[in-house]
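Colleague: I'd like to ask some things about the structure below.
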Amino acid sequence: MGERDRNRMIVSVQNRVKEISEEKGINQTEATIILYEQYLAGETEFVDPNPPRRLIDYLFSIYSAWYWLVILGLSLMIASIYVFPQIPPFTW
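In case it helps, our numbering puts the sequence shown at residues 68 to 159.
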């Protein structure tokens, strides 16, 4: 199933939901809720099995979505200086 780490089995979420649903005889939606409740109680831990190891991998992963959103916002702000007309909107 996976590697052992401090007496804990590393299993995918999909497999764990399937195990819970088969053990308790419930559907996968209810098993997902149970797994989430275990997570909130600290009984289960979610870990990325393949985290980015290099900067370039990080930049093109979902972890850097915040970075790209900031860059997009700054780019739009800088572009708006040149795109919008240089006439003041109100003249008194």
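Even glycine gets a Cβ: it sits at the ideal position worked out from N, Cα and C.
1) Can you name the start and end residues of the alpha helix (DSSP H) that Gln105 belongs to?
2) Which value, in whole angstroms, describes the spacing of the CA atoms of Ile154 and Ser147?
3) Which value, in whole angstroms, describes the spacing of the CA atoms of Ile138 and Asn117?
4) Check whether the Cβ atoms of Tyr130 and Pro119 sit closer than 8 Å, and answer yes or no.
5) Thinking Ile101 and Ile87 are a contact (beta carbons under 8 Å), I'd like their distance in whole angstroms, please.
Modeller: Inspection of the coordinates gives the following:
1) Here the alpha helix (DSSP H) through Gln105 covers 95-108.
2) Distance from the CA of Ile154 to the CA of Ser147, rounded to the nearest whole angstrom, comes to 13 Å.
3) Roughly 26 Å separates the two Cα atoms.
4) In contact: Tyr130 and Pro119 (Cβ atoms closer than 8 Å).
5) Approximately 6 Å separates the beta-carbon atoms of Ile101 and Ile87; this is inside 8 Å, confirming the contact.
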